[in-house]
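Residue numbers (our numbering): 68 to 207.
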């Protein structure tokens with residue numbers, strides 16, 4: 068019997084971001100000024116890479132600009148300070164809209180699409196709720 072040593076090299080292949088906990092639906096009471104969602108509870112990266120977030124869709128708009136978002140009838144702005152998605156809403160919103168958020172590690176990306184819907188302002192004030200292990204904070 069003969070033995071031979073063979074050198075094997077394994078290339079480290081980066082893994083893209085993952086969608087861990089889809090947001091699903093965020094329901095707000097009319098005149099709620101803002102919603103905040105920690106993106107670390109929605110997305111992760113197996114390699115530990117820092118993720119960058121962007122708005123991939125707002126209603127019928129694909130990759131909307133800041134100006135296009137500001138012109139939306141119900142959403143004033145969407146930003147991601149410190150990895151927290153902050154959606155600033157306009158007063159008197161009603162109905163619903165689809166929003167898609169992309170998380171990218173610079174090489175690959177993944178998207179979560181969810182619905183933002185408004186309920187008419189009643190006597191119940193929503194302060195905090197938890198959905199899919201995602202901390203959704205509503206500011207009144």
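Cβ atoms here follow ideal geometry from the backbone N, Cα and C, with glycine treated the same way.
Since residue i and residue j are thought to touch, with beta carbons under 8 Å apart, how far apart are those beta carbons, to the nearest angstrom?
| i | j | result |
| --- | --- | --- |
| residue 186 | residue 96 | 5 Å |
| residue 86 | residue 177 | 5 Å |
| residue 118 | residue 148 | Incorrect: roughly 14 Å between the Cβ atoms, too far for contact. |
| residue 169 | residue 111 | No, residue 169 and residue 111 are not in contact; Cβ-Cβ is about 14 Å, not under 8 Å. |
Quick check: residue i and residue j, are their CB atoms within less than 8 Å of each other?
| i | j | result |
| --- | --- | --- |
| residue 82 | residue 113 | yes |
| residue 90 | residue 102 | no |
| residue 151 | residue 144 | no |
| residue 184 | residue 163 | yes |
| residue 88 | residue 70 | no |
| residue 123 | residue 175 | no |
| residue 92 | residue 181 | yes |
Taking all protein chains shown into account, decide if residue i is buried (16 or more other Cβ within 10 angstroms of its Cβ) or exposed.
| i | result |
| --- | --- |
| residue 136 | buried |
| residue 171 | buried |
| residue 140 | exposed |
| residue 158 | exposed |
| residue 99 | buried |
| residue 142 | buried |
| residue 127 | exposed |
| residue 77 | exposed |
| residue 160 | buried |
| residue 15 | There is no way to answer for residue 15, as the model of the chain reaches only from 68 to 207. |
| residue 203 | Confidence in residue 203 is poor, its pLDDT being 49 and thus under 50, which makes the residue's placement unreliable; the coordinate value appears in the next sentence. With 16 or more other Cβ atoms within 10 Å, it is buried. |
Ranges of the beta strand (DSSP E) found wholly within the segment 101–188, counting only runs of at least 3
101–105, 119–125, 142–146, 151–156, 162–171 and 176–186
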